[in-house]
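S.K.: Right, I'll just put the structure down here and ask away after.
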Amino acid sequence: MSGFRCPHCGKSLENVAGGVLCANGHRYDRSKWGYVNLLPPSRGKNHGDDRMMVRARRDFLNAGYYQTLADALCETVLTYANERARIFDAGCGEGYYTVAVKRALAEYHARIFGVDVSKVALEFAGRRDRTLDLAAASVYALPVCDHGCEMVMSVFSPLAPEEFRRVLIPGGTFVEVYPLENHLFGLKRAIYDEPYRNEVKPDMLEGFALLEKREVRYTMTVTGADIGNLLRMTPYWYKTSKEGQQKADMLTTLETEAEFGIAVYRAIPDAGKGGSSDVLSGV
Ligand SMILES: [Zn+2]
């Protein structure tokens, strides 16, 4: 089993030579980087992060600046994932965290899948680990059967709570990583005249109950080309003036805060599903 479902008819996709195939004969080829393209034809062009952004992110992450976060994320996943969990990394990007979690789960029979809308990011994820199960798809239309997995994780990616609940088993776990108020404030101080703090999202998600929240905070000293990579891998790059971009490229060291929240949610099963008339009577 490939773990993915056919975007055309919804049947599960089986691995066949060179791609995946559903029972209705819909076939999707595997790219040379190992991912299958399950985007609808109209979304066939490149979307999501571009090559410069993805390369910058890969180089920055490989330098280990977010290792502390990766360790904390793996610890959290191990706490909640059972032996045979199927885990979907929704918006896996170039696979840094996907691979970290995969390695952490090495002793388990668990399986991790990566989904991203950017084919460039998936190419880099495939380069990182050729054995990853990867698909090009939107997090808003995951190529996963209803209640087809035990855990969804999202690291700095758009949230689709309704879709995550559809693919999770009742009571399944959702793990989210997001930036806290002062994340990268040092970088913003260096390039903006009026740096601003991040707006932190509330710890609530419709249809989910918060189980745990932890915060990872530290200061990092970024040096050399990693400073430019840090700026290029974030949306700040496109919001920064030419002058600001040049300022960043001229820095030799940068001290900045790294602040992350890791929230763990449980999908609340649908209340009264199938017997709604009884539940609603007398309201
Ligand atoms: Zn099909």
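Going by the numbering used here, the letters in the sequence shown line up with residues 12 to 294, in that order. Note that beta-carbon positions come from the ideal geometry of N, C-alpha and C, so glycine has one too.
1. Using the Cβ count rule (16 or more neighbours within 10 Å means buried), how would you classify G46?
2. Distance, Cα to Cα, L116 vs L89?
3. Taking A101 and V31 to be in contact with their CB atoms under 8 angstroms, please state how far apart those CB atoms are, rounded to whole angstroms.
4. Whole angstroms is fine: what's the gap from A121's alpha carbon to V112's?
5. Rounded to whole angstroms, what is the Cα-Cα separation between S288 and G182?
6. Can you look up E192 in the DSSP assignment and give me helix, strand or coil?
7. Excluding the 5 residues flanking Y203 on each side, which residues of the same chain have their C-beta closer than 7 angstroms to its C-beta?
8. Between K43, R38 and G59, which has its C-alpha nearest L363's C-alpha?
9. When you compare only the Cα positions, how much space is there between R277 and C160?
10. If you measure from the CB of K22, is any heavy atom of ligand 1 nearer than 6 angstroms?
11. Following a CB-centred definition, is N26 positioned closer than 6 angstroms to any heavy atom of ligand 3?
12. For F28, count neighbouring C-beta atoms within 10 Å of its own C-beta (all shown protein chains included) and say buried if the count is 16 or more, exposed if not.
13. Could you tell me if the beta carbon of N35 falls within a distance shorter than 6 angstroms of some heavy atom in ligand 1?
14. So what does DSSP say about L265, is it helix, strand or coil?
15. On the CB-based measure, 16 or more other CB atoms within 10 Å of its CB, does R62 come out buried or exposed?
16. If you follow the alpha helix (DSSP H) that T79 is part of, which residue opens it and which one closes it?
17. Cβ atoms of A171 and Y151: under 7 angstroms apart, would you say?
18. From the DSSP output, read off the bridge partner residues of V27.
19. How is A278 classed by DSSP in three states: helix, strand or coil?
20. Can you tell me which of the three DSSP states P18 falls into?
21. When you measure from the CB of C156 to every non-hydrogen atom of ligand 1, does any distance come out below 6 angstroms?
22. Could you have a look at N240 and say whether DSSP puts it in helix, strand or coil?
23. Please name the residue, chosen from Y229, V186, T234 and L198, that lies closest to L216 on a Cα-to-Cα basis.
M.R.: Straight from the coordinates:
1. The sequence position of residue 46 within the sequence shown is 35, counting from 1. Per the sequence shown, residue 46 should be read as Tyr rather than Gly. Label assigned to Y46: buried.
2. Sequence index remark: in the sequence shown, residue 116 carries index 105 (1-based). Sequence index remark: in the sequence shown, residue 89 carries index 78 (1-based). The alpha-carbon atoms of L116 and L89 are separated by roughly 7 angstroms.
3. For the purposes of this step, residue 101 is identified with residue 90 of the sequence shown, where counting begins at 1. For the purposes of this step, residue 31 is identified with residue 20 of the sequence shown, where counting begins at 1. About 19 angstroms separates the two Cβ atoms, so there is no contact after all.
4. For the purposes of this step, residue 121 is taken as the residue at position 110 of the sequence shown. For the purposes of this step, residue 112 is taken as the residue at position 101 of the sequence shown. If you take the alpha carbons of A121 and V112, they lie about 10 angstroms apart.
5. Start at 1 with the first residue of the sequence shown, and residue 288 comes out as number 277. Start at 1 with the first residue of the sequence shown, and residue 182 comes out as number 171. Caution applies to S288, whose pLDDT of 37 falls short of 50 and renders its modelled position unreliable; the value that the coordinates give is listed next. About 23 angstroms.
6. Numbered from 1 along the sequence shown, position 181 holds the residue referred to as residue 192. In this structure, E192 counts as coil in the three-state DSSP scheme.
7. Taking the first residue of the sequence shown as position 1, residue 203 is located at position 192. Around Y203: G255.
8. The structure shown does not extend to residue 363, since the chain is modelled only from 12 to 294, so the question has no answer here.
9. In the sequence shown, residue 277 corresponds to position 266, counting from 1. In the sequence shown, residue 160 corresponds to position 149, counting from 1. Near 13 angstroms, if we compare the C-alpha coordinates of C160 and R277.
10. The count along the sequence shown starts at 1 and reaches residue 22 at position 11. Yes; taking the cut-off as 6 angstroms, the Cβ of K22 has a heavy atom of ligand 1 nearer than that.
11. The model depicted lacks ligand 3 and carries ligand 1 instead.
12. Counting from one through the sequence shown, the residue named residue 28 turns up at place 17. One point to set straight first is that residue 28 is Ala, not Phe, in the sequence displayed. Flag for A28 reads exposed.
13. Position 24 of the sequence shown, counted from the start, is the residue given in the question as residue 35. N35 Cβ: within cutoff of ligand 1.
14. Position 254 of the sequence shown, counting from 1, holds the residue named residue 265. The answer is strand: DSSP assigns L265 an E or B state.
15. Here residue 62 refers to the residue found at position 51 of the sequence shown. It counts as exposed.
16. By one-based count along the sequence shown, residue 79 stands at place 68. First-last of the alpha helix (DSSP H) with T79: Q78 to Y91.
17. Mapped onto the sequence shown, residue 151 falls at position 140. Mapped onto the sequence shown, residue 171 falls at position 160. Yes, the pair counts as a contact, with Cβ atoms nearer than the cut-off.
18. Taking the sequence shown and counting its residues from 1, the one referred to as residue 27 is at position 16. DSSP, once it has assigned bridges, lists G30 as partnering V27.
19. Counted from its first residue, the sequence shown places residue 278 at position 267. Residue state, collapsed to three classes: strand.
20. Residue numbering aside, residue 18 sits at position 7 when the sequence shown is read from its first letter. Here P18 sits in coil by DSSP.
21. The sequence position of residue 156 within the sequence shown is 145, counting from 1. No.
22. Position 229 of the sequence shown holds residue 240. If DSSP states are grouped into helix, strand and coil, N240 belongs with the helices.
23. Walking along the sequence shown from the start, residue 216 turns up at place 205. Nearest C-alpha to L216: V186.
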